[in-house]
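Chains as they are written, first to last, in my numbering: chain A, 17 to 272; chain B, 785 to 1074; chain C, 248 to 562. Beta carbons are placed, not taken as given, at the ideal position from N, Cα and C, and that holds for glycine. As the structure is a prediction and not an experimental result, all values here were calculated from the model.
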Amino acid sequence: MTFFAVDGLTMRFGGLTALDNVSFEVDRGMIFSIIGPNGSGKSTAFNCISGIYQPTAGEIHFEGERISGLAPHLIGRRGIARTFQNIELFGTESTIDNLMLGRHQHMKSGLWSGVAMLGSASSAAREEIENRERVEWILELLDLVRVRDRPVGELPYGTQKRVELARALAMEPKLLLVDEPSAGMNADERAEVGVRMRELRGELDMTILLIEHHVQLAIGLADRVLALNFGKPIACGAPEEIRQHPEVIKAYLGDG
Amino acid sequence: MLPQVLASGLSAGSIYALMALALVITYKTTEVPNFAQGDMAMVSAFIAYMFLTDFETGFILAFGAALVFAFLLGVGFEGLVLRRMRNPTHLNLIIMTLGFSLALFGLAGWKWGADQRQFPFPVSASEVVRLGGVSVSTLSVTTILIAGVLMVVVFAFFRFTKLGIAMQATQQDPIAARINGVPTRAVVGLTFGISSVIGSVAALLTAPLITLDPTLMWDALLKGFAAAVLGGLNTPVGAVLGGYLLGVIENLFGAYISVEFKSVVAFLIIVIVLWFRPSGLFGRHHERKV
Amino acid sequence: MAVFVIVGLGMNVLVGDTGQISLGHAGFLAIGAYTTVLLMTRLGMPFPFALPIAGCVSALFGFLLGLPALRLAGPYLAIATLGFGLAITQIIARSALFGGHMGLVVPDATLGPFSLSGDVSKYYLIVGVAVVLALGVRNLSVTRVGRAFRAIRDNEIAAATMGVDVAYYKTLSFAVSAALTGVAGGLLALMTGFISPGVFTFTLSLMFLAMVVFGGLGSIPGAILGSIVMGYLNLEMDAFQELPVLGRALEDFSERFMSTVGLPNFGWVVTGMLIVFTILLEPQGLYGLWIRALKAIKRSKSADANSSLPGPGAN
Chain A
17 MTFFAVDGLT MRFGGLTALD NVSFEVDRGM IFSIIGPNGS GKSTAFNCIS
67 GIYQPTAGEI HFEGERISGL APHLIGRRGI ARTFQNIELF GTESTIDNLM
117 LGRHQHMKSG LWSGVAMLGS ASSAAREEIE NRERVEWILE LLDLVRVRDR
167 PVGELPYGTQ KRVELARALA MEPKLLLVDE PSAGMNADER AEVGVRMREL
217 RGELDMTILL IEHHVQLAIG LADRVLALNF GKPIACGAPE EIRQHPEVIK
267 AYLGDG
Chain B
785 MLPQVLASGL SAGSIYALMA LALVITYKTT EVPNFAQGDM AMVSAFIAYM
835 FLTDFETGFI LAFGAALVFA FLLGVGFEGL VLRRMRNPTH LNLIIMTLGF
885 SLALFGLAGW KWGADQRQFP FPVSASEVVR LGGVSVSTLS VTTILIAGVL
935 MVVVFAFFRF TKLGIAMQAT QQDPIAARIN GVPTRAVVGL TFGISSVIGS
985 VAALLTAPLI TLDPTLMWDA LLKGFAAAVL GGLNTPVGAV LGGYLLGVIE
1035 NLFGAYISVE FKSVVAFLII VIVLWFRPSG LFGRHHERKV
Chain C
248 MAVFVIVGLG MNVLVGDTGQ ISLGHAGFLA IGAYTTVLLM TRLGMPFPFA
298 LPIAGCVSAL FGFLLGLPAL RLAGPYLAIA TLGFGLAITQ IIARSALFGG
348 HMGLVVPDAT LGPFSLSGDV SKYYLIVGVA VVLALGVRNL SVTRVGRAFR
398 AIRDNEIAAA TMGVDVAYYK TLSFAVSAAL TGVAGGLLAL MTGFISPGVF
448 TFTLSLMFLA MVVFGGLGSI PGAILGSIVM GYLNLEMDAF QELPVLGRAL
498 EDFSERFMST VGLPNFGWVV TGMLIVFTIL LEPQGLYGLW IRALKAIKRS
548 KSADANSSLP GPGAN
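Structure below.
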């Protein structure tokens, strides 16, 4: 059973075809990277995978189950977490509360247990404390302990990107979708991103699906690469192959 | 019976169409759903009343004063208040216009009290005229005509005058418009002024029909919104059509089914239409890109 | 006035926490009030049973209103809720079951062995209920459900990808908000002894919105404070002329430029202006002012401590 498979994914918005018959497979523990110039459909693919868009055609399977066509929250609960290219945090909430949202599907407290939270012995209170402790290690891993209680809207861009990642990790996903983690960063920061991705895969046994505009970073990190252009797949294979692939070079540099 | 019902339906529909048009004009340009439109119009009707009774002027002066007042009120509200909002989210804009509406309502009630007053009007509400063998109230006919003419003028203005085209440009793409030399800030202010005048005309046509009091335009505002929403908040033609449709359906319902629940029809229509088309019949919904 | 506080709590859950809008909450107040009275008069149900049931009935209507709300946003949602509120009042006014325009008299109530006919006992009951509900709402807001509400407000799409069933929580928010307001309605009936459709107006719904906007959307203490201020304003509308200094001035002003009989409307002017100025100057309302005050105090304290160095995060 393939861990994660996209088969013939097509996404059309009215007259615009954003994705055209895209297929690829990801094995467990892999870092798989999707590259392509702006507008090639990379984020659209992520949006289809996480259920924000309903694909026009094609199927997506995760751990043997069909997930294409499911509502986003069901896909999240199956163990797929994502970050967004433009940061989509809960701006008025603190860092820790953003992470606690990641724990949503692992917690149970509902209307009545929430209302009846009297004292620290109640089930809702215990659940809160437990889960807060569970996410402490993520704060440490991503160097967010200092900003634990600050509203994320006030944090600098780089820190916000780390919070996005932390929030996704708090979901304890099996598959992590990372959308342009190095956007807006300089060379040093990009190197850090690379290190961090490898750490996640190595220490947390995470499977990572990565959208990366910066080709060097993508090639350096990934086990396999898919290149898109205008929504169409133009090459898929080992990083070295892709780097030298004539179509890929043409897509990035343009014709002639 | 049917022709009378249709006539009063079209007459009521004219008012709704005017309100809907006013609302859509501002919404299209500024994404502001102007909940204050009704009470802004109501106050201008009271201004006319004041001119007619306290100052004892003629109709032309009184109505002219009302329209000028409405224009200034619209421009002023946009320029002094709306433009200065720091975080103009949809929710905040709705709340802001509601607050303004409430303040206007309070001011009108304070100054003129809640008494219902007869609104002097050149055309009587009780006279009828015979058109093609049918008796129709002269007021209905006047309303339909004036509203119709006004709407044609407004549409022509947007299509054929330089200013109107500038306003359309600002609606569609404010940045591109500004780059091309359109004074977008003035245009936005003007938009509010014009739509306020349209609302004022609706109020002046409503006042002789039902008596003048601060709640004058509540019904028309709700129905106007219903009509605008029916058509989709960004299509003036849809809004106007929605207004006429709403007026006719409502009056047909009232005449043949139940006069008691006439007004509930508007609400039901909104909910049903919005359930199937969340952006109105012709509106377009823009999704946020993530 | 404690009745308004309960409504304020309800409005805060829906508008403040979940980021929805309602212009029709007077409808839920009416549903709660009429259900309570009818249960007591038609079924002889004692008040302590009628009240929670009225809350549940109101919650059901809240859920029903929440369903179309799933597909609507912004002005469309506002209109739908506005229509709901008006429809409720119109249906009540035209139906003999609800006493039509004439309204219904509220029978005497008892709470077990205690009679609730005196003003004092009513007051204690209402305040007691308000305190309990406030605690419940506060608990809810610091746990999973409250967080889900705020996530929906801040970023619905991201919330969904994190496993939050947005449809469920949105309708839940409507239901909870309606339940709170419905209970307030039952208590209102108890307090005033008489209910009629003329009470549950659109302007009342507006006032409910004003309460939480002025107090600070999303803040429970803000909602409570805002409700008290606006509630007081609303209740005192007939007695503006009796205010200490301001009263005389208002009366004179009214005589010269306005009308004295219309003076109660000054309350609406103030309410409206408070909304306008709140949105304009301090969108987070009283709560926002409070935060600013705290920050200013903190800054002046640290300025005292290191007077030569500018603080790193000081703005």
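Handout entry: CB contact below 8 Å: Asp195/A versus chain C
Key = At least 8 Å separates the CB of Asp195/A from every CB of chain C.
Exercise for the section: Return the residues of the stretch 322-345 of chain C that lie within a Cβ-Cβ distance of less than 8 Å from chain B, sorted by chain order. Expected result: Listed by position, the residues of the stretch 322-345 of chain C near chain B (Cβ gap below 8 Å) are Pro322, Tyr323, Ala325, Ile326, Ala327, Leu329, Gly330, Phe331, Leu333, Ala334, Gln337, Ile338, Arg341.
Practice task
Taking 8 Å as the threshold, find out whether the stretch 461-480 of chain C comes into contact with the stretch 528-536 of chain C through three or more Cβ pairs.
Solution key: Under the three-pair Cβ rule at 8 Å, the stretch 461-480 of chain C counts as touching the stretch 528-536 of chain C.
Handout entry: For Gly24/A and Val938/B, the rounded distance between their alpha carbons
Key = C-alpha separation (whole angstroms): 51 Å.
Practice task
Compare the beta carbon distance of Phe48/A and Val22/A with 8 Å and say whether it is the shorter of the two.
Solution key: Not closer than 8 Å, so no.
Exercise for the section: Closer than 9 Å by beta-carbon distance: list the chain C residues that pair up with Phe106/A, in chain order. Expected result: By Cβ distance, chain C contributes Arg394, Arg397, Ala398, Arg400, Asp401, Asn402, Ala405, Ala406.
Practice task
Step through the CB atoms of chain C and report whether any lies within less than 8 Å of the CB of Met771/B.
Solution key: Chain B is shown from 785 up to 1074; residue 771/B falls before or after that span and cannot be answered.
Handout entry: Contacting positions in the stretch 513-525 of chain C - beta carbon closer than 9 Å to chain B
Key = Residues of the stretch 513-525 of chain C with a C-beta atom less than 9 Å from some C-beta of chain B are Phe513, Gly514, Trp515, Val516, Val517, Thr518, Gly519, Met520, Leu521, Ile522, Val523, Phe524, Thr525, listed in chain order.
Practice task
Report the option in Val352/C, Asp264/C, Met438/C, Arg318/C whose CA atom is closest to the CA atom of Ser1063/B.
Solution key: For Ser1063/B, the closest of Val352/C, Asp264/C, Met438/C, Arg318/C by C-alpha to C-alpha distance is Arg318/C.
Handout entry: Phe976/B at chain C interface by Cβ criterion, 8 Å
Key = No, because no Cβ of chain C sits closer than 8 Å to the Cβ of Phe976/B.
Practice task
With DSSP as the reference, label Pro511/C as helix, strand or coil.
Solution key: DSSP places Pro511/C within a helical segment (H, G or I) once states are collapsed to three.
Handout entry: Asp412/C: contacting residues in chain A (beta-carbon distance under 7 Å)
Key = Result: His89.
Practice task
Note down, one range per segment and in chain order, each beta strand (DSSP E) of at least 3 residues found wholly within the stretch 897-974 of chain B.
Solution key: Listed in chain order, they are 912-915, 918-921.
Practice task
May I ask you to list, following chain order, the residues of the stretch 111-126 of chain A that have a beta carbon less than 9 Å from some beta carbon of chain C?
Solution key: Residues passing the 9 Å Cβ filter: Asp113, Asn114, Met116, Leu117, Gly118, Arg119, His120, Gln121, His122, Met123, Lys124, Ser125, Gly126.
Practice task
Kindly say whether Leu261/C, judged by its beta-carbon, lies nearer than 8 Å to any beta-carbon of chain A.
Solution key: Taking a beta-carbon distance threshold of 8 Å, Leu261/C does not count as an interface residue toward chain A.
Handout entry: For Arg397/C, three-class secondary structure by DSSP
Key = Correct three-state label for Arg397/C: helix.
Exercise for the section: Note down, in chain order, every chain B residue with its Cβ under 9 Å from the Cβ of Ala306/C. Expected result: For a Cβ distance threshold of 9 Å, nothing in chain B lies close to Ala306/C: the least Cβ distance comes to about 19 Å.
Problem - Cβ neighbour criterion (16 or more within 10 Å) applied to Gly85/A - result: With fewer than 16 other Cβ atoms inside 10 Å of its own Cβ, Gly85/A counts as exposed.
Handout entry: Any chain B beta carbon closer than 8 Å to Val506/C
Key = It is worth fixing the name first, because residue 506/C is Ser in this sequence and not Val. The beta carbon of Ser506/C sits closer than 8 Å to some beta carbon of chain B.
Problem - Contact under 8 Å by Cβ, Ile1054/B with Gly330/C - result: Yes, they are a contact pair.
Exercise for the section: Just the C-alpha distance for Tyr281/C and Asp899/B, rounded to the nearest angstrom, thanks. Expected result: Near 29 Å, if we compare the C-alpha coordinates of Asp899/B and Tyr281/C.
Handout entry: Ala405/C to Leu105/A span [Cα, whole Å]
Key = Computed Cα separation, rounded: 7 Å.
Practice task
Measuring only between beta-carbons, confirm whether Pro293/C sits less than 8 Å from chain B.
Solution key: Interface criterion not met: the Cβ of Pro293/C is under 8 Å from no Cβ in chain B.
Problem - Residues bridged to Asn245/A [DSSP beta-bridge criterion] - result: Bridge partners of Asn245/A: Lys248/A.
Exercise for the section: Could you list which residues in chain A have their beta carbon closer than 9 Å to that of Thr450/C, in chain order? Expected result: Simply none; closest approach about 30 Å.
Problem - Exposed unless 16 or more other CB atoms sit within 10 angstroms - verdict on Gly1015/B - result: Its Cβ being crowded by 16 or more others within 10 Å, Gly1015/B is buried.
Practice task
Would you give the residue range spanned by the beta strand (DSSP E) that Ala73/A belongs to?
Solution key: Counting along the chain, the unbroken beta strand (DSSP E) around Ala73/A starts and ends at 73-78.
Handout entry: Residues near Thr288/C in its chain [Cβ-Cβ closer than 8 Å; skip 5 each side]
Key = The residues are Leu351, Pro354.
Handout entry: DSSP three-state assignment for Asp499/C, whether helix, strand or coil
Key = Looking at Asp499/C - three-state DSSP - the assignment turns out to be helix.
Exercise for the section: Grab me the residues of Phe1095/B's own chain with a C-beta within less than 7 Å of its C-beta, minus the 5 sequence neighbours each way, in chain order. Expected result: This structure cannot speak to residue 1095/B, because chain B is shown only from 785 to 1074.
Practice task
Report the residue from Ser921/B, Ser979/B, Leu915/B whose alpha carbon sits nearest the alpha carbon of Pro1020/B.
Solution key: For Pro1020/B, the closest of Ser921/B, Ser979/B, Leu915/B by C-alpha to C-alpha distance is Ser979/B.
Handout entry: 3-residue-minimum beta strand (DSSP E) runs that sit fully inside the stretch 251-294 of chain C, ordered along the chain
Key = Runs of the beta strand (DSSP E) spanning 3 or more residues and lying entirely within the stretch 251-294 of chain C do not occur at all.
Practice task
Flag this pair as yes or no: are the beta carbons of Thr999/B and Phe903/B separated by less than 8 Å?
Solution key: No. Outside cutoff.
Problem - Whole-angstrom distance between Lys58/A and Pro71/A, CA atom to CA atom - result: Spanning the two alpha carbons is a distance of roughly 14 Å.
Exercise for the section: Quick one: give me the first and last residue of the beta strand (DSSP E) that Ala21/A is part of. Expected result: From DSSP, the beta strand (DSSP E) with Ala21/A extends over 20-29.
Problem - 7 Å Cβ cut-off: residues of chain C touching Lys895/B - result: Going along chain C in sequence order, the residues near Lys895/B (Cβ under 7 Å) are Met505, Ser506, Gly509.
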